[in-house]
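**Student:** In our numbering, the protein residues as written are 427 to 540.
A virtual CB, placed ideally from N, CA and C, is assigned to each residue, including glycine.
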Amino acid sequence: NVQYAVKDETVYVLEANPRSTRTIPFLAKATGREEAKIGVKVMLGEKLSSFDLTSNLKNWAIKEPVFPFDKFPEVKKELGPEMKSTGETIYFMDNFDDERFRKPYEFKNLYLSR
């Protein structure tokens, strides 16, 4: 993730980060591996192919946003470009036929404007 500003013909980097503060812990929970340690070893030159990255994968994991609208009754409940979730949770499933995975896709056009 790189945030930058452009003025005239000069590009200024405001912030650059790997955006891994939430992704790496999620992956570690989903896979049962120490993903941060693997990442450091790869940055130090070890090949990604030297790690067993698939043998213990038994199911699927998805991140779901948490929308605590009941705790903030004065907040509008319409979803839009403004972030309203206060966190996320992990959900494990055996396959993509799982009700909890399919349900959001039934409403995929609910909040889109034309």
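With H, G and I counted as helix, E and B as strand and the rest as coil, what does DSSP make of GLU441?
**Tutor:** Here residue 441 is taken as the residue at index 15 of the sequence shown, counted from 1. For GLU441, the secondary structure class from DSSP, reduced to helix, strand or coil, is strand.
**Student:** Could you check the C-alpha separation between PHE493 and GLU532 for me, to the nearest Å?
**Tutor:** For the purposes of this step, residue 493 is taken as the residue at position 67 of the sequence shown. For the purposes of this step, residue 532 is taken as the residue at position 106 of the sequence shown. A direct Cα-to-Cα measurement between PHE493 and GLU532 gives close to 18 Å.
**Student:** Excluding the 5 residues preceding and the 5 following VAL437 in the sequence, name in chain order all residues of the same chain whose CB lies nearer than 7 Å to its CB.
**Tutor:** Here residue 437 refers to the residue found at position 11 when the sequence shown is read from its first residue. Closer than 7 Å at Cβ, skipping near neighbours: TYR430.
**Student:** Looking at C-alpha atoms only, which residue of PRO530, VAL468, VAL432, PHE518 is the closest neighbour of PHE452?
**Tutor:** For the purposes of this step, residue 452 is identified with residue 26 of the sequence shown, where counting begins at 1. Measuring from the Cα of PHE452, the nearest candidate turns out to be PHE518.
**Student:** Could you tell me how far apart the beta carbons of THR449 and LEU483 are, in whole angstroms, since I believe they sit closer than 8 Å?
**Tutor:** Your numbering for residue 449 matches position 23 in the sequence shown. Your numbering for residue 483 matches position 57 in the sequence shown. Not quite, the Cβ-Cβ distance comes to about 17 Å (not below 8 Å), so this is no contact.
**Student:** Who are the near neighbours of LEU538 in its chain, counting only those whose CB is closer than 8 Å to its CB and skipping five residues on each side?
**Tutor:** Here the question's residue 538 lines up with position 112 in the sequence shown. Because the pLDDT of LEU538 is 43, which lies under 50, any placement of that residue in the model is unreliable, and the number read from its coordinates should be weighed accordingly. No residues qualify anywhere along the chain.
**Student:** Is it buried or exposed for GLU461, if we count other Cβ within 10 angstroms and need 16 for buried?
**Tutor:** To locate residue 461, count along the sequence shown from 1; it is residue 35. Buried, since its Cβ has 16 or more Cβ neighbours within 10 Å.
**Student:** By alpha-carbon positions, which one of ASN443, GLU525, LYS503, ILE488 ends up nearest to THR515?
**Tutor:** Here residue 515 refers to the residue found at position 89 of the sequence shown. When each option's Cα is compared against that of THR515, the closest is ILE488.
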